[in-house]
Structure formats: C-alpha cells, structure tokens
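In this text, residue positions in the sequence shown follow the working numbering: the first is 521, and each later residue adds one.
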Amino acid sequence: MSSQLATPQAYRQSAVLSASPGQLILELYDGARRFLRQAAESMSERDVERAHNALRRAELIITHLNEVIDDEQGEVSQNLHAIYAIYLSELGQARIRQDPRQVEAVSRMLGQMRQAWQQALSSPTAGQAVAS
C-alpha cells in the first residue's frame with residue numbers, strides 16, 4: 521500500500537484516537553446527519569436500496585448514541601433515551617413511506633442536538649461530566 525493511500529486513513533484514525541469523548545459525540549452526530557442526507561437524496565431519486573443502506577448506517581449511529589448514555593444522569597438520561605427512540609421510530613416510518621422529508625426532519629432534530637452538545641462542551645464546566 522502506498523503512503524498516499526494510507527495518509528487519509530491514518531489521519532482519520534489519529535483524529536478519532538485523540539478526540540475527547542465530547543468531540544466523538546459531535547462526530548457521531550455529524551456522521552448520522554451525513555447518512556441521513558444520503559438517505560433523503562436516495563429516496564428522492566427512488567433508489568430504495570441506497571436509501572435503506574444510508575438509513576441503516578444512521579440508525580446504527582443513533583442506536584450507539586443511545587447505548588452509551590450514562591444512565592446515572594437521572595432524568596436527562598431518560599429524556600435522551602426517549603428522544604433517540606423517537607428518532608429511530610421516525611426513521612422506520614420514513615423507510616416504509618420512502619419519505620425524504622421525514623428523514624430531513626430527523627436530521628434537523630439531530631442538528632439541534634449536536635448544537636446543544638457543542639454549546640455544552642464550550643461551557644466552563646464541560647470537562648466535569650460528559651453524558652450522551
């Protein structure tokens with residue numbers, strides 16, 4: 521393998537390994553939203569297989585975000601579990617209906633969640649606790 525081919529992969533691996541837990545959460549939101557954009561585009565183009573695959577990848581990320589929630593955070597944890605369950609339910613319905621607008625709505629909500637995380641990570645107390 522040439523060094524040119526290894527460089528982007530090595531860069532991504534280094535970025536992930538050196539990222540804080542909060543930064544990793546932001547990256548997961550970004551990835552989910554990227555896959556949701558792909559799914560919505562594919563639905564608009566009537567490419568059911570590609571839409572399904574992109575939705576599946578976004579769902580796996582959302583499921584992972586749900587699984588890593590610190591359940592000791594009380595009501596916040598419960599609310600996040602409920603929000604992620606709603607997102608997954610909406611995406612399931614969008615898949616059945618092949619409705620790109622429903623996918624885009626979930627993407628916007630994820631964007632709002634990402635923005636809230638970004639703000640929380642920027643606060644002076646951000647280093648004290650990170651729970652997804």
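All residues carry an ideal CB built from backbone N, CA and C; glycine is no exception.
If contacts are defined as beta-carbon pairs under 8 Å, then residue i and residue j qualify, I think. What distance do you get, rounded to the angstrom?
| i | j | result |
| --- | --- | --- |
| Q635 | V568 | Contact doesn't hold; Cβ gap of about 31 Å is too wide. |
Please state if the CB of residue j and the CB of residue i are separated by a distance shorter than 9 Å.
| i | j | result |
| --- | --- | --- |
| S589 | H601 | Note on residue identity: the sequence assigns Ile, not Ser, to residue 589. Yes; because the gap between Cβ atoms is below 9 Å, this pair is in contact. |
| I603 | M629 | yes |
| L585 | A625 | no |
| L611 | L641 | no |
| R557 | S627 | yes |
As a quick exercise: from the options, pick the residue whose alpha carbon is nearest that of residue i.
| i | options | result |
| --- | --- | --- |
| L548 | E624, R577 and A560 | R577 |
| A559 | R621, M633 and S540 | R621 |
| Q639 | T527, S538 and G542 | G542 |
Let me confirm a value: residue i is counted as buried when at least 16 other C-beta atoms fall within 10 Å, else exposed. Which label applies?
| i | result |
| --- | --- |
| L580 | exposed |
| I545 | buried |
| R615 | buried |
| A571 | buried |
Does DSSP put residue i in a helix, in a strand, or in coil?
| i | result |
| --- | --- |
| A602 | helix |
| I589 | coil |
| S643 | coil |
| H565 | His is not the amino acid found at residue 565; the sequence shown has Glu there. Coil at E565, not helix or strand. |
| M521 | Confidence at M521 is low in this model, with a pLDDT of 48, below 50, so the placement of that residue should be treated as unreliable; the coordinate-derived value is given next. Three-state result, M521: coil. |
| G542 | helix |
| G594 | coil |
| D619 | coil |
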